[in-house]
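86 is the number of the first residue of the sequence shown in our numbering; add one for each residue after it.
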Amino acid sequence: MPVLITGVAGFIGFHVARRLCEAGTEVLGIDNLNGYYSVELKRARLQQLSGFANFRFQPLDIANSVDLQQLFTGQAFSEVIHLAAQAGVRYSLDNPGAYGQANLVGFLNLLEACRQQPPRHLIYASSSSVYGANAKLPFSVDDPVEQPVSLYAASKRANELMAYSYAHLYRLPTTGLRFFTVYGPWGRPDMALFKFTRAMLEGRPIEIYNNGLMGRDFTYIDDIVESILRLRLKPPSLPTGNRPASCSTSAAASRCGCCISSSAWRTPWASRPSATTCHCKRETCWRPGPMWARWRAGSTSPRTHRWNTALTLSLAGTGIFTGFEPRTHNRPQVAS
Ligand SMILES: NC(=O)c1ccc[n+]([C@@H]2O[C@H](COP(=O)([O-])OP(=O)(O)OC[C@H]3O[C@@H](n4cnc5c(N)ncnc54)[C@H](O)[C@@H]3O)[C@@H](O)[C@H]2O)c1
């Protein structure tokens, strides 16, 4: 049975698909290739994946329930890794409807499809933005998250609650992941590192929000992928025995908000980490290491340096986002 990845032409979906394909896993990817950012970049990612015999792509909008149901009627999926969404916090101020469609309607459609044809595990992307106005640091998945300060955050929190109810009602094993700003090759051009670089290359001032009084955790894409792949084969355990489907113990089937990312790259001005990685460690026996530790160990530095250089060259050269790393299906070699 193939693994279904939604949002496969996106930054994280592309990397997850590539790792799975390299491991010989059959992958079906769907994406509506929307124009939130360069469609050329999304197509370039798909182009990379098209070299794998075990990869298939189908253009599909998850907000279209008929198309999604049809997809699930035709075949079963071993796991569903749901990464399609309208991302971005600021964009939600001007385009709230996009979040309603992709993140709420789309997610409901996906849950319904999974209810009809249950995968062994539904992993979906939530976001660190659900911590919203929380003041307690470091953030923890055990904290209440009731103050989303953007529609994007509210839509992600809604996803967690929706997933919880489907786990409870239909014993659908779900895991939600609160990603903290992800960076790396083939990344999203709407995010800070790309915007900073582009501004530098074009000789424009770098736009810094909140007078520069900002600190946040970043997570390197390989750490995100590693966490997803480790979790993929570890669905939350369902209660056994002859229980009614709505029995409250089946709530244990939902592991909403498993926090997999933090402190991979601490910005120099951030005096505190933004999240604990305890859950990640507990669930996967592994956690993303802090940048400084890996720097000392000599493993992250060359990779990050090469990425930065490639990013700069790419932006300076073609303006097309295909030159970030060698065009090969092998994973980038990392000195260790
Ligand atoms: N990148 C980060 O730093 C970050 C942080 C927190 C959470 N997330 C979440 O992780 C997931 C992946 O993020 P990303 O950075 O890869 O974003 P991305 O925008 O690069 O990828 C999302 C993909 O989903 C597709 N998509 C959007 N609406 C769709 C729809 N209705 N039907 C089908 N496809 C649709 C887009 O075309 C895009 O290719 C998203 O859910 C995002 O909210 C990302």
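Cβ atoms here follow ideal geometry from the backbone N, Cα and C, with glycine treated the same way. Please read these numbers as outputs of a predicted model, since none were measured by experiment.
1. Which of helix, strand or coil does DSSP assign to residue 302?
2. Assign residue 183 to buried or exposed, taking buried as 16 or more other Cβ atoms, counted over all protein chains shown, within 10 Å of its Cβ.
3. Under a three-way DSSP split, which group does residue 193 fall into?
4. Using a threshold of 8 Å, state whether the C-beta atoms of residue 113 and residue 87 are closer than that.
5. Tell me the rounded alpha-carbon separation between residue 279 and residue 172.
6. Is residue 267 near ligand 1, in the sense that its beta carbon is under 7 Å from a heavy atom of that ligand?
7. Could you check whether the Cβ of residue 154 sits closer than 7 Å to any heavy atom belonging to ligand 1?
8. Looking only at its chain, what residues have a beta carbon closer than 6 Å to the beta carbon of residue 120, apart from the 5 residues adjacent to it on each side?
9. Please check the pair residue 190 and residue 217, which I expect to be a contact at CB under 8 Å, by giving their CB distance rounded to whole angstroms.
10. Please list the terminal residues of the continuous beta strand (DSSP E) segment that includes residue 143.
11. Considering only residues of the region 157–185, which uninterrupted beta strand (DSSP E) runs meet the minimum length of 3 residues and lie entirely inside it, listed in chain order?
12. Could you give the uninterrupted runs of the beta strand (DSSP E) lying entirely in the region 269–314, keeping only those of 3 residues or more?
13. Start and end of the alpha helix (DSSP H) containing residue 248?
14. Could I get the ranges of all uninterrupted alpha helix (DSSP H) runs contained in the region 88–121, with 4 residues as the minimum, in chain order?
15. Report yes if the C-beta of residue 198 is less than 7 Å from at least one heavy atom of ligand 1; otherwise report no.
16. For residue 263, does the three-state DSSP call read helix, strand or coil?
17. With a threshold of 7 Å (Cβ to nearest heavy atom), would residue 202 be considered close to ligand 1?
18. Ligand 1 heavy atoms versus the CB of residue 158: any closer than 7 Å?
19. Taking Cβ to Cβ, would you say residue 422 is nearer than 8 Å to residue 251?
20. Tell me which residue opens and which closes the beta strand (DSSP E) that residue 134 is part of.
21. Buried or exposed: residue 307, going by 16 or more other Cβ atoms within 10 Å of its Cβ?
22. Short check: CB of residue 310 to CB of residue 124, under 8 Å?
23. Hey, residue 260 and residue 321 are a contact pair by Cβ (cut 8 Å); roughly how many whole angstroms apart?
24. Should residue 212 be counted as a contact of ligand 1 given a C-beta to heavy atom distance under 7 Å?
25. Thinking C-beta only, is residue 273 closer than 8 Å to residue 211?
26. What are the boundary residues of the beta strand (DSSP E) that residue 222 is part of?
27. To the nearest angstrom, how far is the alpha carbon of residue 285 from that of residue 292?
28. By the 10 Å Cβ neighbour count, where 16 or more other Cβ atoms means buried, how is residue 188 classified, buried or exposed?
29. Does the Cβ of residue 136 have 16 or more other Cβ atoms within 10 Å, making it buried, or fewer, making it exposed?
30. If you compare alpha carbons, which of 281, 276 and 298 is closest to residue 176?
31. Tell me the DSSP secondary structure of residue 187 in three-state form.
32. Could you give the DSSP three-state label for residue 153: helix, strand or coil?
33. Going by beta carbon distance, what residues of the same chain come within less than 6 Å of residue 231, once the five residues before and after it are set aside?
34. Whole angstroms is fine: what's the gap from residue 223's alpha carbon to residue 155's?
35. Once you ignore the five residues that flank residue 151 on each side, which residues in its own chain have a CB closer than 6 Å to its CB?
36. Compute every distance between the C-beta of residue 222 and the non-hydrogen atoms of ligand 1, then say whether any falls below 7 Å.
To lay it out plainly:
1. Strand.
2. With a threshold of 16 other beta carbon atoms within 10 Å, residue 183 meets it and is buried.
3. Helix at residue 193.
4. At a Cβ-Cβ threshold of 8 Å, residue 113 and residue 87 count as neighbours.
5. Residue 279 and residue 172 have their C-alpha atoms roughly 16 Å apart.
6. Yes, since a heavy atom of ligand 1 falls inside the 7 Å radius drawn around the Cβ of residue 267.
7. Placement of the Cβ of residue 154 at a distance of 7 Å or more from every heavy atom of ligand 1 is found.
8. If we look at residue 120 and ignore the five residues flanking it on each side, it has no Cβ neighbours.
9. Contact annotation, residue 190 with residue 217: C-beta distance approximately 22 Å; criterion of less than 8 Å not satisfied.
10. Residue 143 -> beta strand (DSSP E) spans 140–144.
11. Here the runs fully enclosed are 164–167.
12. With a minimum length of 3 residues, the continuous beta strand (DSSP E) runs that stay inside the region 269–314 are 302–305.
13. Its alpha helix (DSSP H) spans residues 236–255.
14. The region 88–121 contains, as complete alpha helix (DSSP H) runs of 4+ residues, the segments 96–107 (chain order).
15. For ligand 1, no non-hydrogen atom lies closer than 7 Å to the CB of residue 198.
16. Looking at residue 263 - three-state DSSP - the assignment turns out to be strand.
17. No, since every heavy atom of ligand 1 falls outside the 7 Å radius drawn around the Cβ of residue 202.
18. For residue 158, the CB stays at least 7 Å from every heavy atom of ligand 1.
19. Given a span of 86 to 421 for the chain in the structure shown, any question on residue 422 remains unanswerable.
20. From DSSP, residue 134 is part of no beta strand (DSSP E) but of the alpha helix (DSSP H) over 124–134.
21. Per the 10 Å Cβ criterion, buried.
22. The Cβ-Cβ distance between residue 310 and residue 124 does not fall below 8 Å.
23. Contact holds; Cβ gap of about 6 Å.
24. Remark: the C-beta of residue 212 is in contact range of ligand 1, defined as less than 7 Å to any heavy atom.
25. Not closer than 8 Å, so no.
26. Segment: none, residue 222 is in no beta strand (DSSP E) and carries neither H nor E.
27. Those two C-alpha atoms are separated by around 11 Å.
28. Buried, since its Cβ has 16 or more Cβ neighbours within 10 Å.
29. Under this definition residue 136 is an exposed residue.
30. Per the Cα distances, 276.
31. Helix at residue 187.
32. Here residue 153 sits in helix by DSSP.
33. For residue 231, same chain residues with a beta-carbon under 6 Å away, outside a window of 5 residues either side, do not exist.
34. If I take the Cα positions, the gap works out to 43 Å.
35. No residues qualify anywhere along the chain.
36. No, Cβ of residue 222 sits at least 7 Å from all heavy atoms of ligand 1.
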